[in-house]
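Scroll down for the structure; my scribbles are underneath it.
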Amino acid sequence: MPELGEVDFFRRKWDVALGERVDRVTLKAGARTFKGTDLAAIEGSLPGRALRSSEAAGKQMLFRFGTDGWLGLHLGMSGNLGVRPPDFKPGAHDKLVLYTTKHALVYNDPRMFGRVRFAVGPKAPLWWSSIAPSLASKEFSQKAVAAFLHRRSRTAVKSVLLMQERFPGIGNWMADEILWRAAIHPLRLAGSLESSEIEALWRECRWVARQALKIIGVEHRKLPATWLFPHRWREGGRDPRTGTLLRREQVGGRTTCWSPARQKLRTARQS
DNA sequence: TCCTATGTTGTATG
DNA sequence: ACATACAACATAGG
């Protein structure tokens, strides 16, 4: 279940092994998980190096080993991280396992949409350093959001929110949550938003991201019933604010949930 | 059997 | 070159 908060939750799991040296690794090659990644470099360079730090940016994670080892993980649709005892035997979908004397750090993904990257060098590799500025950062400004919406003016705002180049970490449920809070219909074209709506969208992006990191990323609690999230999948689910029925439909190829009572396609002025 | 899935990317078209 | 739309990817579960 990996969007911003879930990614950070999984990322923290491996922190139990901070400072521990990797003795050996197992990996399940084949298919796309390791596409473009040098398997021999992982097998040859990780053993002997200790886990020094972890961080997350958007939906990506970075684990640093020794002074110059950079391991990047992306969980795709169904990936997860776990920690097991050091005698752990990898199962069918355990794509990468790092063994220390105390732990087995497991990257598991039943599907293959996730991604493992690895580099050795003094500087962060491009796949890490080129990730867009965090939703919490100063660079993620209302102005930057407005400019991006303008550039994608003919696309539904729901689809635009999923673009990682400007909204790193936002996934399907977060996008719906943000639009619901901002009272913007998911099918509105990005270029049609008024400045007050852009301001609301920007504000809710930051608020939802901050709360998700706190509630899911740190405390790993369920999201409160005051959110759209707990109601969005159930047939007959209702808007927790208005009590009216929610609607679900494909937008840009993704199932999208919104509250017709709260999120209108046309503004009062247009109609 | 058919449909869905919290994601990205390659490709075709304008 | 840029913007847009969508099929494709792999697998499990309802």
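9 is the number of the first residue of the first sequence in our numbering; add one for each residue after it.
C-beta atoms are modelled at their ideal positions from N, C-alpha and C, and glycine is treated no differently.
Query, Result
"Identity of the residue in L231, R32, K222, R218 nearest A144 by Cα", "R218"
"R218, DSSP secondary structure in three states", "helix"
"Boundaries of the beta strand (DSSP E) in which A155 is found, first to last residue", "No beta strand (DSSP E) contains A155, which is instead part of the alpha helix (DSSP H) from 150-159."
"Nearest-angstrom Cα separation, counted from I224 out to E14", "6 Å"
"The region 146-166 / the region 199-210 touching (three or more Cβ pairs under 8 Å)", "yes"
"Local conformation of V124 per DSSP, three classes", "strand"
"Coil, strand or helix - D31 by DSSP", "coil"
"Residue from P55, R57, P176 with nearest C-alpha to H82", "P176"
"E173 versus V165 - alpha carbon distance", "15 Å"
"Residue environment, T264, which counts as buried when at least 16 other CB atoms sit within 10 Å", "buried"
"Span of the beta strand (DSSP E) around G77", "77-82"
"Stretch pair the region 86-99 + the region 44-56: three plus CB contacts closer than 8 Å", "no"
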